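*Asks:* Supplied in structure tokens, the structure appears directly below.
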């Protein structure tokens, strides 16, 4: 079912974000770098396999 697939993607993206929590809290990493990390590690997991 589609909603099950979406829920699984959201869970995986949350896990990816939680695994990077130590980086999100670091003050020596600038916000633009954190944004690039988010796009590469979290958003890509969330959107993997989406058609549109």
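Numbering (my numbering), first residue to last: 8 to 59.
In this text, a Cβ means the ideal position worked out from N, Cα and C, and glycines have one as well.
Bear in mind the structure is a predicted one, so any value in this text is a computation, not a measurement.
Kindly list the residues whose CB is nearer than 6 Å to the CB of residue 23, restricted to its own chain and excluding five residues on each side of it in sequence; keep chain order.
*Replies:* Answer for residue 23: 48, 49 and 52, listed in chain order.
*Asks:* Taking the CB atoms as reference points, tell me whether residue 54 and residue 44 lie closer together than 8 Å.
*Replies:* Cβ atoms of residue 54 and residue 44: not closer than 8 Å.
*Asks:* May I have the straight-line CA-CA distance separating residue 39 from residue 16, to the nearest angstrom?
*Replies:* Computed Cα separation, rounded: 25 Å.
*Asks:* Take residue 20 and list the residues in its own chain whose beta-carbon comes closer than 7 Å to its own, dropping the five residues that flank it on each side.
*Replies:* Taken in chain order, the residues that qualify are 49, 52 and 53.
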